[in-house]
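Numbering (the working numbering), first residue to last: 8 to 523.
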């Protein structure tokens, strides 16, 4: 007798997927935030606290499109859906999708034994913010009921579907009976995972609404009970952070908080009369792990992704981003780097020359690429002379816009001089450390004038102490090679000393001419 057979699914599959697809609770939580990003949320709140019974709880809330009744039934409650394979971008802002297909509910399972899903969406499922007659769905998942030996489809999850006359779209996930795998150090790992998403400060994609950016707020006892803005932490994590404003006199009042430098300030001599009240906040991020101030949120890998996708100085006028500034080289930073522009402007020349070891004619050679400056210039409606183009793409050329560019470049050039000073000091620090190590090994005291000759002498002595162990032919060859290399190093050192003396003479002559 012929009989039609069909597959069934054992509940053990959920455990397998939860363990194999989601490697840790920290990755699980970051996947849930990625789902909020894919749902076109502009904000997501992650809160670690306790429920009414005093048990640990994690709540993830977003203001994205949420899900309507149909989406919950067809996608959330269905294992291995293909909707994220079909769609390559989010519905409203056109964001490239980041979350893994179908991994969200398994991430919840990995984090805790109980989940309450609360989501509000529109009938069409592609609208944001407050709407009339939205659909609210609440479902509770007790993962302990999905035990091996039972079919997944035989286990019911209590839920409720209602219509709200007016409501705000979004999704809230409440996870209880937390997995003991979660530890305090996981907060820093989580912050690094979320840094790239938080770097989204706004974007425009053809055929979609303007993306306002993405903010992640994190609140937990592990971070002293305060709420952390991941993007704010990110802005403070790189080599340095610039802040500046144009005061009522038209002067730029600037501050720099940077790696291994005390806080630096300056008030500009140039006057930016047309843009009084303009402000800027820029993070200076160097693609070097040794120049990252806060490694709890920023790593070299995440930094590269951030600079590639979100680097650049944006302009925000009356609270809204002005395109294409930030995507282009509107400050002529990359142009000047390509031209090898080295000298600072006359307004910064005396300042640069006042720093030990800095040559104002070469100070800009260490300027970073346009993408390494991550931040915004803020202009309010009180600024006269700025007028948007009719197509809303940038400002019409004007004195005010020229001053906005000059103000921003003045601040960046000033920070570049300080970074050149930092690099010089680091080289001196490395030299002093190497000299101290050599003195400990050799037992000899050295100074700048004798360090090269003494180091070479120590190398020759060390080589001579082992040459007798080699065949005579090899010993002679090694001695000759060391002698030749030593002569070259000494000759190069003498050449550098002469070149530096000449440069100092030129610099002092140029200063006298300038004073004259």
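For every residue, glycine included, the Cβ atom is placed at its ideal position computed from N, Cα and C.
Because the structure is a prediction, the values reported are computed rather than measured.
To which residues of the same chain is residue 475 closer than 8 Å at the C-beta, ignoring the five residues directly before and after it?
-> 482
Using the C-alpha atoms, what's the distance from residue 356 back to residue 521?
-> Because the pLDDT of residue 521 is 47, which lies under 50, any placement of that residue in the model is unreliable, and the number read from its coordinates should be weighed accordingly. Roughly 10 Å separates the two Cα atoms.
On the three-pair Cβ rule with 8 Å, is the stretch 71-88 touching the stretch 168-183?
-> yes
Taking buried to mean at least 16 other C-beta atoms within 10 Å of its own C-beta, is residue 14 buried or exposed?
-> exposed
Report yes if the CB atom of residue 371 is closer than 8 Å to the CB atom of residue 349, and no otherwise.
-> yes
Residues bridged to residue 415 by DSSP?
-> Residue 415 is not bridged to any residue.
What number of angstroms, rounded off, separates the C-alpha of residue 518 from the C-alpha of residue 358?
-> Low local confidence applies: a pLDDT of 48 at residue 518 is under 50, so the model's placement there is unreliable, with the coordinate-based value given in what follows. Between residue 518 and residue 358, the C-alpha separation is close to 12 Å.
Output the boundary residues of the alpha helix (DSSP H) element that contains residue 309.
-> 307-317
Would residue 254 be called buried (16 or more neighbouring beta carbons within 10 Å of its own) or exposed?
-> exposed
Answer with buried or exposed for residue 2, where buried requires no fewer than 16 other C-beta atoms within 10 angstroms of its C-beta.
-> With the chain covering 8 to 523 only, the question about residue 2 has no answer from this structure.
Continuous beta strand (DSSP E) stretch holding residue 273: start and end | 271-278
As assigned by DSSP and simplified to three states, the class of residue 144 = strand
In angstroms, rounded to a whole number, what distance separates the CA positions of residue 341 and residue 408?
-> 19 Å
Using a Cβ-Cβ cut-off of 8 Å (strictly less than) and excluding sequence neighbours within five positions of residue 307, which residues of its own chain qualify?
-> 294, 295, 296 and 299
Just the C-alpha distance for residue 523 and residue 331, rounded to the nearest angstrom, thanks.
-> Note that residue 523 scores a pLDDT of 44, beneath 50, so its modelled location is shaky and nothing firm can be said.
What beta strand (DSSP E) runs, 3 residues minimum, are completely inside the stretch 348-435?
-> 380-386
Excluding the 5 residues preceding and the 5 following residue 242 in the sequence, name in chain order all residues of the same chain whose CB lies nearer than 8 Å to its CB.
-> 248, 288, 290, 381 and 382
Beta-carbon proximity of residue 41 to residue 126, cut-off 8 Å | no
Please report how far the alpha carbon of residue 531 lies from the alpha carbon of residue 431, in whole angstroms.
-> Nothing can be reported for residue 531, as the shown portion of the chain is limited to 8 through 523.
Please name the residue in 245, 222 and 246 whose C-alpha comes closest to that of residue 235.
-> 222
What is the residue span of the beta strand (DSSP E) that residue 259 lies within?
-> 258-265
When DSSP builds the beta bridges, which residues end up paired with residue 119?
-> 185
Of the residues 283, 318 and 116, the one placed nearest residue 245, counting alpha carbons only = 318
Quickly, what does DSSP pair residue 57 with across the bridge? List them, please.
-> 63
Under a Cβ-count criterion, where at least 16 other Cβ atoms within 10 Å of its own Cβ denotes burial, should residue 422 be classed as buried or exposed?
-> buried
Roughly how many angstroms separate the alpha carbons of residue 117 and residue 19, rounded to a whole number?
-> 14 Å
Just curious, the alpha helix (DSSP H) that residue 74 is in, first and last residue?
-> No alpha helix (DSSP H) holds residue 74; DSSP gives it neither H nor E.
Counting only the same chain and skipping the five closest in sequence on each side, list residues whose C-beta sits under 8 Å from that of residue 172.
-> 139 and 140
What first and last residue would you give for the alpha helix (DSSP H) that runs through residue 38?
-> 32-45
For residue 131, which of helix, strand or coil comes out of DSSP?
-> coil
Whose C-beta lies closer than 8 Å to the C-beta of residue 396 among residues of the same chain, with five residues either side of it excluded?
-> 402 and 403
From residue 596 to residue 120, what does the alpha carbon distance come to, in whole angstroms?
-> A question about residue 596 goes unanswered here, because the residues of the chain that appear run from 8 up to 523.
So what does DSSP say about residue 157, is it helix, strand or coil?
-> coil
Mind checking whether residue 7 and residue 182 have CB atoms under 8 Å apart?
-> Shown here, the chain extends from 8 to 523; a query on residue 7 therefore has no answer.
Residue 236: first and last residue of the uninterrupted beta strand (DSSP E) it sits in | 234-236
Within its chain, find whatever has a CB closer than 7 Å to the CB of residue 169; leave out the 5 residues flanking it on each side and keep chain order.
-> 143
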